[in-house]
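Heads up, the thing below is written out as structure tokens.
Shown next, in the form of structure tokens:
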């Protein structure tokens with residue numbers, strides 16, 4: 014069964030550095046998402062992306078965050094200048110669209126540790 | 052309480068028993084989904100129930116939805132040790148006629164099934 018894959022599985026970065034998290038969504042999916050989960054807390058929505066543009070973003074997704082689909086397969090999340098509070102698990106997800114009435118398929122996540 | 056609150060927060064049962072988890076939410080929704088998360092892994096989609104459905108089954112899983120009470124329940128019958136995981140409900144809110152697929156997750160229920 015096709016899967017969403019995320020790399021790297023663990024990223025350690027110094028505060029203030031830029032980081033790029035990578036995702037390969039399922040190939041025939043149309044909607045793409047990033048979520049994050051701070052240790053011990055709930056999964057939080059960051060951004061949804063469709064037709065090469067952001068369709069919705071949360072308050073967390075400020076100017077330090079950006080997303081890109083640089084080619085037909087990758088979907089990336091960039092944090093420009095990381096802060097300690099950005100330490101979390103970041104999950105990528107995708108679905109086939111149809112106005113949200115589709116299950117989202119999640120990757121195994123990237124654990125981001127900011128030192 | 053916030054959107055997508057589950058109870059109980061933790062549940063410990065013996066193998067073979069049934070496990071019931073509840074979820075409450077606050078806004079109008081397009082659908083409600085249940086996910087499982089094994090420790091350190093991504094979220095695995097279990098079942099999606101649309102706002103016009105009241106009950107749905109999938110194998111040993113039974114989900115109910117009561118939109119008048121804004122609540123849902125997940126029943127796992129004949130539990131197995133392998134069902135040990137965290138279970139999250141996630142709601143897809145509606146914004147008039149638009150829907151970006153965003154999911155709002157609850158805090159989750161940690162289920163331990165003892166062999």
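Protein chains in written order, with this note's numbering: chain H, 14 to 128; chain V, 52 to 166.
Beta carbons: idealized from backbone N, C-alpha and C, even for Gly.
For residue 58 of chain V, which of helix, strand or coil comes out of DSSP? strand
Kindly indicate if chain H contains any beta-carbon less than 7 Å away from that of residue 121 of chain V. Taking Cβ atoms only, chain H never reaches closer than 7 Å to residue 121 of chain V, which makes this a no.
Could you compute how far the alpha carbon of residue 82 of chain V sits from the alpha carbon of residue 112 of chain V? For residue 82 of chain V and residue 112 of chain V, the distance between alpha carbons rounds to 17 Å.
Less than 7 Å between CB atoms is the rule here; does residue 94 of chain V satisfy it with respect to chain H? yes
Quick one: list the residues of chain H neighbouring residue 157 of chain V, beta-carbon separation under 8 Å, in chain order. 55
Is there a C-beta anywhere in chain H that falls below 7 Å from the one on residue 107 of chain V? no
What do you get for residue 7 of chain H, buried or exposed, if any count of 16 or more other CB atoms within 10 angstroms of its CB means buried? Missing from the structure shown is residue 7 of chain H; chain H here goes from 14 to 128 and no further.
Out of curiosity, what's the CA-to-CA distance linking residue 158 of chain V and residue 140 of chain V? Spanning the two alpha carbons is a distance of roughly 8 Å.
Specify the secondary structure class of residue 70 of chain V as computed by DSSP and reduced to three states. If DSSP states are grouped into helix, strand and coil, residue 70 of chain V belongs with the strands.
For the pair the stretch 82–95 of chain H and the stretch 66–77 of chain V, tell me if three or more CB-CB distances fall below 8 Å. no
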